[in-house]
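All remarks here apply to the structure that follows.
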Amino acid sequence: MLPERMTALGTARSVIRELFEFGKERAAVVGPENVFDFSIGNPSVPPPPQVNEAAIRILSTQDPVLTHGYTSAGGDANARALLAGSLNRRFGAGLTGDDLYLTVGAAAALCCCFHGLTCPGDEFVVFAPYFPEYQVFIEGAGAKMVLIPAEVEGFQISFDALEAALTPCTKGVVVNSPNNPSGCVYSRETIQRLAGLLSRKSEEYGHPIYLITDEPYREIVYDGAKAPWVPHFYDNTIVCYSYSKSLSLPGERIGYLAVSPKAWEHKLVYAALAGAGRSLGYVNAPALFQQVAAECAALTSDLSVYAENRRLLLEGLRKLGFRCVTPGGTFYLFPQSLEADDVAFCQRAKDYDLLLVPGSGFGCPGHFRLSYCVPTERIRRALPVFAKLAERYRA
Ligand code: PLP
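Residue numbers (the numbering used here): -6 to 388.
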């Protein structure tokens, strides 16, 4: 007998993967230039040249036994110290290397948090729209995900709904800003207000509510938007980060979690998260890319392509009557679908080889996600196709 949950997870492809595979099949039939795949969040710009330069230099100058060997479970001490230094220079974070635990991307950082913090009966609060893997990760850790419905006017936090969702069972609240899929960025004021509420509730319940801030898109922001350094506002914060998006390295699987040195019993929290990493068998984050990320931490890929894609799409789609909250960051748009049933809408879009992801999967029906980390030319060619789709609804 096998656990049904696992066979189901391993068999059912995510909607996004399904679309991605469909796109490849269609490309073989109609030609890649006639498939408008906006499904997956795979960065479309290369890493900055310093990434390859660092990798080549490390590979050609260091002792290969060391380069490819195991590192400490939390990551190579020198790499961690360099990363902490970079965060301290950028944010005044006050970290040492010992506050960082290098991970196999943000996904592993999140799993370490959920597994490391969960006691029987614990709950984690998540805001819709949300990254669908949260549910898999949280339930996999034996906790319950409590979902707050989306505040669709601006995708900001509905504080009344949050306050109503908090209970003595709340172990943590997950925020993802800039957000996948809405692109929205929480302001300083929002984080301050969130911190105030969580401090009050932690006090009331007599235990900390951890703020898990999932930030793989931190640097991908527009129009002067800035994602604040959350631990400045709330002591019991754990930052989960990844170089998948900012350095275009999703396949290299490198990220970190940072436990705020001001967290209650922070050494013990760090130990619990490290223990979770051990129990999950992560062993250590990829050794070569620990070093590369540490050297390139302050860099990003050329993000100007995303800015141009965002401008073109927002302008083009709005002209066609699509309604969309202006995203402050990421490379996603999350417009309203042209019919209430977002799944039916995306199915209809597929008739035009326009691959869009239904909002339902992100806990926010009536919307669809468009991933614009694609060549700009694809957007130019897709806009007339969006026009045909919109026309069909008008007809
Ligand atoms: N969190 C969010 C919001 C994401 O969008 C993603 C990936 O798309 C992840 C976490 C996982 O990131 P990684 O590839 O670094 O594990």
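Just so you know, even glycine gets a beta-carbon here, dropped at the ideal spot from N, CA and C. Owing to the predicted nature of the structure, the values given are computational and were not obtained by experimental measurement.
Which word fits residue i, buried or exposed, when buried means at least 16 other C-beta atoms lie within 10 angstroms of its C-beta?
{"i": "P36", "result": "buried"}
{"i": "E258", "result": "exposed"}
{"i": "Y386", "result": "exposed"}
{"i": "R303", "result": "buried"}
{"i": "T54", "result": "exposed"}
{"i": "I49", "result": "exposed"}
{"i": "R211", "result": "buried"}
{"i": "H61", "result": "exposed"}
{"i": "S272", "result": "exposed"}
{"i": "E(-3)", "result": "exposed"}
{"i": "P39", "result": "exposed"}
{"i": "V22", "result": "exposed"}
{"i": "K260", "result": "exposed"}
{"i": "P287", "result": "Reading off the sequence, residue 287 comes out as Ala, not Pro. The residue is buried, with at least 16 neighbouring Cβ atoms inside 10 Å."}
{"i": "E197", "result": "exposed"}
{"i": "K238", "result": "buried"}
{"i": "V223", "result": "buried"}
With a threshold of 8 angstroms, establish whether the CB of residue i neighbours any heavy atom of the ligand PLP.
{"i": "R246", "result": "yes"}
{"i": "K260", "result": "no"}
{"i": "V119", "result": "no"}
{"i": "A264", "result": "no"}
{"i": "E126", "result": "yes"}
{"i": "L103", "result": "yes"}
{"i": "A99", "result": "yes"}
{"i": "S253", "result": "no"}
{"i": "C233", "result": "yes"}
{"i": "G176", "result": "no"}
{"i": "P243", "result": "yes"}
{"i": "S237", "result": "yes"}
{"i": "P279", "result": "no"}
{"i": "P320", "result": "no"}
{"i": "G34", "result": "yes"}
{"i": "P209", "result": "yes"}
{"i": "N169", "result": "yes"}
{"i": "N45", "result": "no"}
{"i": "N173", "result": "yes"}
Ends of the alpha helix (DSSP H) at residue i?
{"i": "I51", "result": "P42 to T54"}
{"i": "S79", "result": "A70 to F84"}
{"i": "F389", "result": "Any property of residue 389 remains undetermined from this structure, which presents the chain solely from -6 to 388."}
{"i": "F152", "result": "F152 to A158"}
{"i": "L382", "result": "T369 to R387"}
{"i": "T0", "result": "E(-3) to T4"}
{"i": "K343", "result": "D335 to K343"}
{"i": "A286", "result": "A280 to C289"}
Three-state secondary structure (DSSP) at residue i?
{"i": "H259", "result": "helix"}
{"i": "Y198", "result": "helix"}
{"i": "G165", "result": "strand"}
{"i": "K137", "result": "strand"}
{"i": "S65", "result": "coil"}
{"i": "I205", "result": "strand"}
{"i": "P351", "result": "strand"}
{"i": "Y325", "result": "strand"}
{"i": "E212", "result": "coil"}
{"i": "F31", "result": "coil"}
{"i": "T319", "result": "coil"}
{"i": "F107", "result": "helix"}
{"i": "T183", "result": "helix"}
{"i": "Y94", "result": "strand"}
{"i": "G268", "result": "helix"}
{"i": "F226", "result": "coil"}
{"i": "L190", "result": "helix"}
{"i": "E144", "result": "coil"}
{"i": "F130", "result": "helix"}
Return the first residue and the last residue of the beta strand (DSSP E) that residue i is part of.
{"i": "V252", "result": "G248 to V252"}
{"i": "E301", "result": "Run containing E301: none in the beta strand (DSSP E); it sits in the alpha helix (DSSP H), S297 to K312."}
{"i": "V119", "result": "E116 to F120"}
{"i": "C233", "result": "T230 to S235"}
{"i": "L59", "result": "From DSSP, L59 is part of no beta strand (DSSP E) but of the alpha helix (DSSP H) over P57 to T60."}
{"i": "F361", "result": "F361 to S364"}
Residues in the same chain with beta-carbon distance under 8 angstroms from residue i, minus the five sequence neighbours each way, listed in chain order, please.
{"i": "D153", "result": "none"}
Excluding the 5 residues preceding and the 5 following residue i in the sequence, name in chain order all residues of the same chain whose CB lies nearer than 6 angstroms to its CB.
{"i": "Y263", "result": "V252"}
{"i": "G356", "result": "A121, P122, Y123 and L140"}
{"i": "Y179", "result": "S170"}
{"i": "R362", "result": "P174, Y325, F327 and V350"}
{"i": "I9", "result": "S32, I33 and V350"}
Can you list, in chain order, the residues of its chain with a C-beta nearer than 7 angstroms to that of residue i? Leave out the 5 residues immediately preceding and following it.
{"i": "T64", "result": "N277, A280 and Q283"}
{"i": "L191", "result": "V166, I202, L204 and Y227"}
{"i": "E370", "result": "none"}
{"i": "G359", "result": "Q329, S330, A333, D335 and G352"}
Of all Cβ atoms in chain D, is any one closer than 9 angstroms to the Cβ of residue i?
{"i": "R(-2)", "result": "Annotation note: the requested chain D is absent from the structure, which comprises a single protein chain."}
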